[in-house]
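**Q** If you use UniProt numbering, the sequence shown corresponds to residues 1 to 257, in order.
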Amino acid sequence: MADGAMPITSLKGKVSEAEWQARVDLAALYRLVALHGWDDMIFTHISARIPGPEHHFLINPYGMFFGEMTASCLVKVDLDGAIVDKTPYFINPAGFTIHSAIHAARDDAHYVMHLHSDQGTAVSAHKEGLLPLTQHSLIVLPQVAYHDYEGIALNLDERERLVADLGDKKLMMLRNHGTLSVGASAAECWLGMFFLERACAQQVMALSIGRDNVLLAPDAAQEEVRRQTGMGMGMIGGLAWPGCLRRLDRELPGYAD
Numbered sequence: 001m002a003d004g005a006m007p008i009t010s011l012k013g014k015v016s017e018a019e020w021q022a023r024v025d026l027a028a029l030y031r032l033v034a035l036h037g038w039d040d041m042i043f044t045h046i047s048a049r050i051p052g053p054e055h056h057f058l059i060n061p062y063g064m065f066f067g068e069m070t071a072s073c074l075v076k077v078d079l080d081g082a083i084v085d086k087t088p089y090f091i092n093p094a095g096f097t098i099h100s101a102i103h104a105a106r107d108d109a110h111y112v113m114h115l116h117s118d119q120g121t122a123v124s125a126h127k128e129g130l131l132p133l134t135q136h137s138l139i140v141l142p143q144v145a146y147h148d149y150e151g152i153a154l155n156l157d158e159r160e161r162l163v164a165d166l167g168d169k170k171l172m173m174l175r176n177h178g179t180l181s182v183g184a185s186a187a188e189c190w191l192g193m194f195f196l197e198r199a200c201a202q203q204v205m206a207l208s209i210g211r212d213n214v215l216l217a218p219d220a221a222q223e224e225v226r227r228q229t230g231m232g233m234g235m236i237g238g239l240a241w242p243g244c245l246r247r248l249d250r251e252l253p254g255y256a257d
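(1) Going straight from the alpha carbon of residue 17 to that of residue 222, what length do you get?
(2) Report back the beta-carbon spacing between residue 181 and residue 113 to the nearest angstrom; my notes put them in contact at under 8 Å.
(3) Would you call the stretch 127-136 and the stretch 97-106 touching, i.e. three or more CB-CB distances under 8 Å?
(4) Note down the Cα distance separating residue 158 from residue 152, rounded to an integer number of angstroms.
(5) Thinking just about the alpha-carbon of each residue, which of 74, 99, 179 and 142 is nearest to the one in residue 121?
(6) I'd like the list of long-range same chain contacts for residue 38, defined as Cβ closer than 7 Å, with 5 residues on each side in sequence excluded.
(7) Given a cut-off of 8 Å, decide if residue 36 and residue 60 are closer than it, judged by their beta-carbon atoms.
(8) So residue 98 and residue 65 are in contact, right, with Cβ under 8 Å, and what is the actual spacing, rounded?
(9) Between residue 252 and residue 67, which are expected to be in contact by the criterion C-beta below 8 Å, what is the C-beta distance as a whole number of angstroms?
(10) May I ask you to report which of helix, strand or coil DSSP gives residue 47?
(11) Using the three-state DSSP reduction, which class does residue 177 fall into: helix, strand or coil?
(12) Have a look at residue 242 and residue 212 and give me their C-alpha separation to the nearest angstrom.
(13) Could you tell me which residues DSSP pairs with residue 182 in its beta bridges?
(14) How far does the beta strand (DSSP E) with residue 57 in it extend, from its first residue to its last?
(15) Let me know if residue 12 comes out buried or exposed under the rule of 16 or more other beta-carbons within 10 Å of its beta-carbon.
(16) What residues in its chain sit with their C-beta under 8 Å from that of residue 79, if we drop five residues either side in the sequence?
(17) With 16 as the cutoff for other CB atoms within 10 Å, does residue 48 come out buried or exposed?
(18) Count the other CB atoms, across all protein chains shown, that sit within 10 Å of the CB of residue 23; report buried if there are 16 or more and exposed otherwise.
(19) Quick check on the DSSP output: the beta strand (DSSP E) that includes residue 28 runs from which residue to which?
(20) Which one or two residues does DSSP pair with residue 76 in a beta bridge?
(21) Quick one: what does DSSP say residue 14 is sitting in, helix, strand or coil?
(22) Cβ atoms of residue 177 and residue 165: under 8 Å apart, would you say?
(23) Report all residues from its chain with a CB closer than 6 Å to the CB of residue 200; omit the five preceding and five following residues, and keep chain order.
(24) Can you tell me which residues form a DSSP beta bridge with residue 144?
(25) Helix, strand or coil, according to DSSP, for residue 257 in the structure here?
(26) Could you tell me how far apart the beta carbons of residue 225 and residue 192 are, in whole angstroms, since I believe they sit closer than 8 Å?
Next comes the structure, spelled out in structure tokens:
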């Protein structure tokens, strides 16, 4: 254990099987974000709804890096961000503002991920938003919504506008701010963000040669990809997720503690 680190007591066997699985999956999402270099030190958040009628959620303890996250250290909160169970950790209530709004409005929003990656934030600040430049972008574009920047997410009034802008889509560009992904499973949430972040990185690289020198995908090709990917990320995410966990076990183990 690193100097100054708070000891973590395992919750395995002390919570329901459904809650434990949600904890493991959420901790894996945090570790995967760190592994890909998309974390922002202790800032930004990923949250998960715990199965059951209580409307309880899991979110990261404030002050821990994403690469340190474990299933047992995650904090259980209610829809208002109030801590439910006794824990030595605390959360950033402002960090739950965006997440609580989406969890409350969308039954399919079991996992909500918000990032401040360099490339994602850069594209969020681009006037034209995400462009149909690459296959990655064509795959996600039908699911991308936009929400204008209103400042740091401290104003609870913003929640209604954000939810309205998201509508029934699974991905969002938060203008001048970053990216967001929603999923019915951790796998769906992760794969949506993976494709969105890759599309943003590819766009930043392509535009480095100038806007006039890039080739937009033909309209017919865009429509064809839209048709081909109509089922969304759920099924493909389920195929990719076990491999993602195996990579974590090799390169950043300990998330399931």
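Yeah, the Cβ is synthetic: ideal placement off N, Cα and C, and Gly gets one too. As the structure is a prediction and not an experimental result, all values here were calculated from the model.
**A** Working from what's here:
(1) 42 Å
(2) 5 Å
(3) no
(4) 10 Å
(5) 179
(6) 115, 117 and 197
(7) no
(8) Their Cβ separation, rounded to whole angstroms, is 20 Å, which puts residue 98 and residue 65 out of contact at 8 Å.
(9) 6 Å
(10) strand
(11) coil
(12) 41 Å
(13) 112
(14) 57-59
(15) exposed
(16) 55, 57, 100, 103 and 104
(17) buried
(18) buried
(19) Note, residue 28: premise wrong, no beta strand (DSSP E); alpha helix (DSSP H) at 17-35.
(20) 58
(21) coil
(22) no
(23) 119, 120 and 123
(24) 171
(25) coil
(26) That pair is no contact at about 15 Å.
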